[in-house]
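S.K.: Structure below; questions to follow.
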Amino acid sequence: MKKNVLVFPCGSEIGLEIHRSLRFSTHFDLIGASSVDDHGKFVYENYIGSLPFVTDERFLPKIRELIGQYQIDAIYPAMDTVVTLLAKYGHTLSCKIIASSYETTEICLSKSLTYWTLKDAVRIANVYQHISEVVSYPVFIKPDIGYGARGARLVHSVEDAQMHLNHYPESVIMEYLPGREYTIDCFTNRHGELLFSGIRVRNRISNGISVNTFEVHDHHDELQSMARNINSRLKFRGGWFFQVKEDSNGNPVLLEVASRLGGSSSLFRNLGVNFALLSLFDAFDLDVNVFHNDFPIELDRALTSRYKVRISFEKVYVDFDDCLLLSDKVNTSLVKLLYQFLNDGKKLILITKHEHDIHASLKRYKIEAIFDEVIHIDRGDKKYRYIDSKEAIFIDDSHAERQEVHHKLGIPVFAPDSIACLYH
1 MKKNVLVFPC GSEIGLEIHR SLRFSTHFDL IGASSVDDHG KFVYENYIGS LPFVTDERFL
61 PKIRELIGQY QIDAIYPAMD TVVTLLAKYG HTLSCKIIAS SYETTEICLS KSLTYWTLKD
121 AVRIANVYQH ISEVVSYPVF IKPDIGYGAR GARLVHSVED AQMHLNHYPE SVIMEYLPGR
181 EYTIDCFTNR HGELLFSGIR VRNRISNGIS VNTFEVHDHH DELQSMARNI NSRLKFRGGW
241 FFQVKEDSNG NPVLLEVASR LGGSSSLFRN LGVNFALLSL FDAFDLDVNV FHNDFPIELD
301 RALTSRYKVR ISFEKVYVDF DDCLLLSDKV NTSLVKLLYQ FLNDGKKLIL ITKHEHDIHA
361 SLKRYKIEAI FDEVIHIDRG DKKYRYIDSK EAIFIDDSHA ERQEVHHKLG IPVFAPDSIA
421 CLYH
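Residue 274 in our numbering sits at position 274 of the sequence shown, and the numbers go up by one each step.
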């Protein structure tokens, strides 16, 4: 039986990434909710608007009402302040909260508290308690609690600093870090084990959001060590990330830690690491393992995400049940991609363990003619045995099938939620 997951606020960058991550899942039904109608209203098929703001005393009573009305099994908070509030009061709600421990979320919400907690575990920038302590400019000032670069500014004089602090008195004053900036996307399971930490450079930033990013191996050993040290100090569960920036000597210095998935973590989702899905499975006490493709990929964001995938292939092997066919309906996103492949001269091969007459089913849904070949195998058979690994890719909803094909043949594999990177 599918679990009902309420995403709030569903129109935030994180809420939209959660939708992209879970829209093809056969395990979860999404319900979006927002206090203010925004893009989430156009994305979520099931949408609830006009919720009280998270700072409103009516917020938690309304959430309790929605849990009963919509039989909510889990709430996926999609903003830092919401993560912290629901982590704090989760024990009073009759559903799961997809979040780390309250103590961890509270620490991550405050930059000064984060620095204090981790000062002996990772390299921290010089932080000044008062502008009178600053010996040279420029310095960087940012709100102690905030996101998206709101209220953050590079200042070049004491007068400039004082003027900025008049508008944002609860701010952190720290040394200016002139180098490259990186995000390290991480996943920790319910046992506290760090199963994944991937490094990507924040190549172009707009309003605090990384709008151009790609995987790198800069400072690999040090950043992996930082991930392990942070994970050992804080009690994470599910997807989380931290950001670093190079100082004047080229050393990576901690900027912030967030107890939620990153909006541009979709880069790794398209390589096979679906943080939202992994977090939900883990929340329902299911063991997960993580692997990912290793082909080069670059994410560039405007109003939509675009990807450049540097792979060459001539054959496309695709699954039928829960992949090409979802809940007795044709997966039109995948069909669109298949027709793109046809236009590009690719060979399309259906490989399936469908329990009925596959040709009859294909005729029923009017999609038989698009395939050059149909391979119908027994349920206990292995798909990789029937795949010509020369210049081929594999699309399947099954994690186990994808992992086996990838390990046996070394070809790129994709889930229905990760095919977006193949569009052009």
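Yeah, the Cβ is synthetic: ideal placement off N, Cα and C, and Gly gets one too.
What are the start and end residues of the alpha helix (DSSP H) that includes Gln403?
M.R.: 399 to 409
S.K.: Taking 6 angstroms as the line, does the beta carbon of Leu16 fall inside it for any heavy atom of the ligand SAM?
M.R.: The model on display carries no ligand, and the ligand SAM is accordingly not part of it.
S.K.: In chain order, which continuous runs of the beta strand (DSSP E) of length 3 or greater are located wholly inside the stretch 342 to 390?
M.R.: 347 to 352, 373 to 376
S.K.: Provide the residue span of the alpha helix (DSSP H) that contains Asp160, from first to last.
M.R.: 158 to 167
S.K.: DSSP puts Arg202 in a beta bridge; with which residues?
M.R.: Thr213
S.K.: Which word fits Thr459, buried or exposed, when buried means at least 16 other C-beta atoms lie within 10 angstroms of its C-beta?
M.R.: Here the chain has residues from 1 to 424 only, and residue 459 is not among them.
S.K.: Excluding five sequence neighbours on each side, which residues of the same chain lie with their C-beta closer than 7 angstroms to the C-beta of Val54?
M.R.: Correct list, in chain order: Thr81, Val82, Leu85.
S.K.: For Arg204, count the other beta carbons within 10 Å of its own beta carbon; 16 or more makes it buried, fewer makes it exposed. Which is it?
M.R.: exposed
S.K.: To the nearest angstrom, how far is it from the Cα of Phe187 to the Cα of Ile72?
M.R.: 24 angstroms
S.K.: Determine, using beta carbons only, whether Tyr70 and Ile31 come nearer to each other than 7 angstroms.
M.R.: yes
S.K.: Quick one: residues in its chain with C-beta nearer than 8 angstroms to the C-beta of Gly146, no 5 flanking neighbours on either side, listed in chain order?
M.R.: Ala152
S.K.: Given a cut-off of 7 angstroms, decide if Ser265 and Gln224 are closer than it, judged by their beta-carbon atoms.
M.R.: No, these two residues do not count as a Cβ contact at 7 angstroms.
S.K.: Quick check on Phe241 - is its C-beta less than 7 angstroms from some C-beta in chain B?
M.R.: The structure shown has no chain B; it contains just one protein chain.
S.K.: Does DSSP put Thr304 in a helix, a strand or coil?
M.R.: coil
S.K.: Let's test the definition: count the other Cβ atoms within 10 Å of the Cβ of Ser259 and tell me whether it reaches 16, buried, or not, exposed.
M.R.: buried
S.K.: Below 8 angstroms on the Cβ atoms is my guess for Asp185 versus Phe268; work out the distance and round it to an integer in Å.
M.R.: 6 angstroms
S.K.: Report all residues from its chain with a CB closer than 6 angstroms to the CB of Leu234; omit the five preceding and five following residues, and keep chain order.
M.R.: Thr104
S.K.: Where do the N-terminal and C-terminal ends of the alpha helix (DSSP H) with Thr92 fall, by residue?
M.R.: It is not in any alpha helix (DSSP H) - Thr92 carries neither H nor E in the DSSP assignment.
S.K.: Going by CA-CA distance only, name the one from His164, Glu401, Asn274, Phe291 that's closest to Asp322.
M.R.: When each option's Cα is compared against that of Asp322, the closest is Glu401.
S.K.: Buried or exposed: Met226, going by 16 or more other Cβ atoms within 10 Å of its Cβ?
M.R.: buried
S.K.: Going by DSSP in three states, Ser112 sits in which element: helix, strand or coil?
M.R.: helix
S.K.: The beta strand (DSSP E) spanning Ile393 covers which residue range?
M.R.: Note, Ile393: beta strand (DSSP E), 392 to 395.
S.K.: Kindly indicate which residue of Trp116, Leu118, Glu65 has the alpha-carbon position closest to the one of Leu93.
M.R.: Of Trp116, Leu118, Glu65, the residue nearest in Cα terms is Glu65.
S.K.: Sorted by chain position, which residues of the same chain lie with C-beta nearer than 8 angstroms to Leu334's C-beta, five sequence neighbours on each side aside?
M.R.: Val318, Cys323, Leu324, Ile395, Pro416, Ile419
S.K.: May I ask you to report which of helix, strand or coil DSSP gives Asp218?
M.R.: DSSP places Asp218 in the coil class of the three-state scheme, outside both helix and strand.
S.K.: Which term fits Thr332, buried or exposed, when burial requires 16 or more other beta carbons within 10 angstroms of its beta carbon?
M.R.: Exposed.
S.K.: Which first and last residues belong to the beta strand (DSSP E) in which Pro416 is found?
M.R.: Run containing Pro416: none; DSSP gives neither H nor E here.
S.K.: Ends of the beta strand (DSSP E) at Glu181?
M.R.: For Glu181, the enclosing beta strand (DSSP E) covers residues 181 to 188.
S.K.: Unbroken beta strand (DSSP E) runs of length 3 or more, entirely within the stretch 229 to 295: which are they?
M.R.: 238 to 246, 252 to 258
S.K.: Please confirm whether Glu373 and Ile411 have their CB atoms less than 7 angstroms apart.
M.R.: no
S.K.: Distance check for Leu280 and Lys383, CA to CA, integer angstroms please.
M.R.: 28 angstroms
S.K.: At a cut of 8 angstroms, does the stretch 240 to 248 reach the stretch 172 to 181 through at least three beta carbon pairs?
M.R.: yes
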